[in-house]
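Written out below as structure tokens is the structure these notes cover.
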Amino acid sequence: IEISFERKPNGEYEKITQAPNSKWVYYYAANGDEMEYTSVNYFGSEAKIWQILQFKDIMRDERGNLTRKTSVKFKPADKYYENGDIKEIGLYKKLQISYEYYE
Numbered sequence: 004i005e006i007s008f009e010r011k012p013n014g015e016y017e018k019i020t021q022a023p024n025s026k027w028v029y030y031y032a033a034n035g036d037e038m039e040y041t042s043v044n045y046f047g048s049e050a051k052i053w054q055i056l057q058f059k060d061i062m063r064d065e066r067g068n069l070t071r072k073t074s075v076k077f078k079p080a081d082k083y084y085e086n087g088d089i090k091e092i093g094l095y096k097k098l099q100i101s102y103e104y105y106e
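Going by our numbering, the sequence shown opens with residue 4, and the numbers climb by one from there.
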């Protein structure tokens with residue numbers, strides 16, 4: 004697994020994690036809060052893209068626990084992405100979590 008970081012002039016940064024058949028790109032605000040991330044899955048030894056998920060609308064409560072996340076699925080316009088267009092298929096999953104804290 005290879006992990007790299009890229010900082011932007013406004014203080015935001017990207018964390019890129021590359022594995023043999025997957026790639027994740029995380030986008031962080033200048034304060035370190037996760038804004039969104041994208042998961043890309045590859046097929047076969049030629050590393051053709053077959054699925055892309057974008058996770059956004061990420062919210063956390065005051066304790067840092069995940070409370071909301073929406074994921075949207077994308078698919079290459081042709082069977083497997085080869086410098087072609089990527090089209091949005093639609094909502095993949097919408098997650099909403101509530102917590103009860105006890106004193």
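Yeah, the Cβ is synthetic: ideal placement off N, Cα and C, and Gly gets one too.
Whole-Å CB distance - residue i paired with residue j, under 8 Å assumed
i, j, result
"Glu-5", "Glu-17", "Their Cβ separation, rounded to whole angstroms, is 14 Å, which puts Glu-5 and Glu-17 out of contact at 8 Å."
"Tyr-95", "Val-75", "6 Å"
"Phe-77", "Ile-100", "Between Ile-100 and Phe-77 the Cβ distance is about 24 Å, and since that is not below 8 Å, they are no contact."
Closest Cα partner of residue i within the set the options
i, options, result
"Asn-24", "Met-38, Ala-32, Val-43", "Val-43"
"Glu-39", "Tyr-29, Gln-99, Glu-15", "Tyr-29"
"Asn-13", "Thr-20, Ala-33, Ser-7", "Ala-33"
"Asp-60", "Lys-90, Gln-21, Leu-98, Arg-66", "Leu-98"
Counted within 10 angstroms of its Cβ, other Cβ atoms place residue i as buried (16 or more) or exposed
i, result
"Ile-55", "buried"
"Tyr-104", "exposed"
"Lys-72", "buried"
Through-space distance from residue j to residue i, alpha-carbon basis
i, j, result
"Leu-2", "Lys-26", "No answer is possible for residue 2: the residues shown for the chain start at 4 and end at 106."
"Lys-11", "Arg-63", "23 Å"
"Phe-58", "Asp-36", "14 Å"
"Ile-52", "Tyr-45", "4 Å"
Residue i, enclosing beta strand (DSSP E) - first and last residue
i, result
"Tyr-95", "89-99"
"Asn-44", "37-46"
"Asp-60", "51-63"
"Ala-22", "16-22"
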